[in-house]
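Chains as they are written, first to last, in the UniProt record's numbering: chain A, 1 to 249; chain B, 1 to 249. Right, one structure below, let's go through it.
2 protein chains.
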Amino acid sequence: MTGWLAIAGLGPGDEALVTPEVTAALAAATDVIGYIPYVARVTPRPGLTLHPSDNRVEMDRAAHALMLAAGGARVVIVSSGDPGVFAMAAAVFEAVDHGEAAWRTLDIRVLPGITAMLAASARAGAPLGHDFCAINLSDNLKPWPLIERRVRLAAEADFAIAVYNPRSKARPDGLDRAFAVLRDICADARPVLFAHAVSTPQEALHIVPLPDARGDMADMRTVVIVGSSQTRIIERPGTPLLYTPRSAS
Amino acid sequence: MTGWLAIAGLGPGDEALVTPEVTAALAAATDVIGYIPYVARVTPRPGLTLHPSDNRVEMDRAAHALMLAAGGARVVIVSSGDPGVFAMAAAVFEAVDHGEAAWRTLDIRVLPGITAMLAASARAGAPLGHDFCAINLSDNLKPWPLIERRVRLAAEADFAIAVYNPRSKARPDGLDRAFAVLRDICADARPVLFAHAVSTPQEALHIVPLPDARGDMADMRTVVIVGSSQTRIIERPGTPLLYTPRSAS
Numbered sequence: 001m002t003g004w005l006a007i008a009g010l011g012p013g014d015e016a017l018v019t020p021e022v023t024a025a026l027a028a029a030t031d032v033i034g035y036i037p038y039v040a041r042v043t044p045r046p047g048l049t050l051h052p053s054d055n056r057v058e059m060d061r062a063a064h065a066l067m068l069a070a071g072g073a074r075v076v077i078v079s080s081g082d083p084g085v086f087a088m089a090a091a092v093f094e095a096v097d098h099g100e101a102a103w104r105t106l107d108i109r110v111l112p113g114i115t116a117m118l119a120a121s122a123r124a125g126a127p128l129g130h131d132f133c134a135i136n137l138s139d140n141l142k143p144w145p146l147i148e149r150r151v152r153l154a155a156e157a158d159f160a161i162a163v164y165n166p167r168s169k170a171r172p173d174g175l176d177r178a179f180a181v182l183r184d185i186c187a188d189a190r191p192v193l194f195a196h197a198v199s200t201p202q203e204a205l206h207i208v209p210l211p212d213a214r215g216d217m218a219d220m221r222t223v224v225i226v227g228s229s230q231t232r233i234i235e236r237p238g239t240p241l242l243y244t245p246r247s248a249s
Numbered sequence: 001m002t003g004w005l006a007i008a009g010l011g012p013g014d015e016a017l018v019t020p021e022v023t024a025a026l027a028a029a030t031d032v033i034g035y036i037p038y039v040a041r042v043t044p045r046p047g048l049t050l051h052p053s054d055n056r057v058e059m060d061r062a063a064h065a066l067m068l069a070a071g072g073a074r075v076v077i078v079s080s081g082d083p084g085v086f087a088m089a090a091a092v093f094e095a096v097d098h099g100e101a102a103w104r105t106l107d108i109r110v111l112p113g114i115t116a117m118l119a120a121s122a123r124a125g126a127p128l129g130h131d132f133c134a135i136n137l138s139d140n141l142k143p144w145p146l147i148e149r150r151v152r153l154a155a156e157a158d159f160a161i162a163v164y165n166p167r168s169k170a171r172p173d174g175l176d177r178a179f180a181v182l183r184d185i186c187a188d189a190r191p192v193l194f195a196h197a198v199s200t201p202q203e204a205l206h207i208v209p210l211p212d213a214r215g216d217m218a219d220m221r222t223v224v225i226v227g228s229s230q231t232r233i234i235e236r237p238g239t240p241l242l243y244t245p246r247s248a249s
């Protein structure tokens, strides 16, 4: 049996946002590996072994998957959202880069998914309709001064900014510090979107002007999108629409 | 009949990358509107009217869709990739913002799709695995000095940079000018990915070091991803892998 490894994105939560490509890979798999809540989204069946693991063991998980695939298993690593955005794809390639030579010849594919910021953007309107950036606020893997520098330069570039992992347990004040940097540069009341658990039953969207944005408006399941200077709100009955025009001057 | 408007992303080309949500919307539609090659991806059926239109008529197309939906039609506007990323969603909300008051009460949904940079990233490995930005290089809708400023600040922030619309007919030298800005700031040989028509029969990936990158390596169907200072290549038989590690210092 020839093994392979697919690193697959399950999207933000709704099964209607899982691509047929990912569904087909799961149907062909012998082993599914991933963080506990993501593996819980895969339906058990005979011939499929589920390997749920805890958070923050990405490198162990990657090595486990590579060893199984090298041994002939058909392995799917599941991520939420897109596996290439602050998720398992980079971890697997780090393992390949520094691991056994035989891993380089494995059949490894990345299967893209709907990443959190694009699901959130779609639900709110089109806040990422013009130039934007994505910043991971977790300082597990990079020093805080680098994060702060990126937030500052992104604001100077007038990007809309998608913030992943806005609340890290180790640094609960990170998002407040990022907002302080942004308020320092952006003197306006541009909208900030807090999008919680988009496409799940717990979905909640909340828009506040930057001067009123607070770190405790986000949790681990929130993606935050800070508008650019051009981002606009369309008031209407119910939830307002948020969008960034295509043109800028 | 109550009309609605869905602005749907068809992904980069492969039907296996179209979400079930988008497939369901197309099955329920009475009218499909969009740029000719995207509408051509929708299978005709009785009861469905296809409205293909030329490029660069986004505002006419948006108004047409809103009028049809206001009249009771079930309308899907199709974009390639994700409709919220340099595509039709922002155009529709611009039309709503400046158009008839009745349009604000319409049922309008954005259905996300796999955007070009994430499809390209998946195929190449994980070059967007750390902080990154997306810049539209077309200067139809913004002045060139703003584009150049954003490219410079993005390089200073050490983002990986995804470049959409790298070749505009009106300014064929735009990408060369962007590379010149990048070489000015980044003294290294970081990899640049040219990803052409990902997930279609014409797919072609090409990786060159920044000093060798030239504008004519891209065309209208290419997305370009410029690595950060940390982006690495894993050599192996066949196509090398490209990834950006999760950590940075």
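C-beta: ideal position from N, C-alpha, C; glycine also. Keep in mind that this is a model prediction, so the values were computed, not measured.
- Considering only B:E15, B:D31, B:V32 and B:L118, the residue with the shortest C-alpha distance to A24 (chain A) is B:E15.
- The closest CA to that of V39 (chain B), considering only B:A189, B:G9 and B:K142, is found on B:G9.
- The alpha-carbon separation between R45 (chain B) and G13 (chain B) amounts to approximately 21 Å.
- For G84 (chain B), the neighbours in chain A by C-beta distance under 7 Å run, in chain order, L118, S121, A122, A126, L128 and G129.
- A6 (chain B) sits in a strand when the DSSP states are folded into three classes.
- Exclusion of the five residues before and after A91 (chain A) leaves E58, M59 and A62 as the residues of its chain whose Cβ lies within less than 7 Å of its Cβ.
- The C-alpha of L68 (chain B) is placed about 23 Å away from the C-alpha of F86 (chain B).
- The criterion of a C-beta distance shorter than 7 Å is satisfied by G84 (chain B) and S121 (chain A).
- Rounded to the nearest whole angstrom, the C-alpha separation of T115 (chain B) and P112 (chain A) is 9 Å.
- If one requires a minimum length of 4 residues, the alpha helix (DSSP H) runs lying completely within the segment 79-119 of chain B are 88-98, in chain order.
- Taking a cut-off of 8 Å on C-beta distances, the segment 146-165 of chain B touches the segment 124-136 of chain B, as three or more cross pairs fall below it.
- No Cβ of chain A is located within less than 7 Å of the beta carbon of I36 (chain B).
- For A195 (chain B), there is no enclosing alpha helix (DSSP H); the residue is part of the beta strand (DSSP E) that begins and ends at P191 to H196.
- Using a 10 angstroms sphere on the CB of R214 (chain B), the tally of other CB atoms stays under 16, which defines it as exposed.
- In the displayed model, V39 (chain B) falls within a helix according to three-state DSSP.
- Residues L10 and Y38 of the same chain have their beta carbon placed closer than 6 Å to that of S80 (chain A), with the five preceding and five following residues left out of the count.
- Per DSSP, reduced to three states, the secondary structure at G13 (chain B) is coil, with no helix or strand assignment.
- Bridge pairing for G34 (chain A): A:P52 and A:V78 [DSSP].
- With respect to the C-alpha of S249 (chain A), the residue from B:A178, B:E21, B:S53 and B:N140 having the closest C-alpha is B:N140.
- Against I135 (chain B), the close residues of chain A are D131, in the order they occur along the chain (beta-carbon pairs closer than 8 Å).
- Taking a C-beta distance under 7 Å as the contact criterion, D219 (chain B) and R167 (chain B) qualify as a contact pair.
- Interface criterion not met: the Cβ of V76 (chain A) is under 7 Å from no Cβ in chain B.
- For L141 (chain A), no alpha helix (DSSP H) encloses it, and the DSSP letter there is neither H nor E.
- Flagged as an interface residue toward chain A: F93 (chain B), by a C-beta distance shorter than 7 Å.
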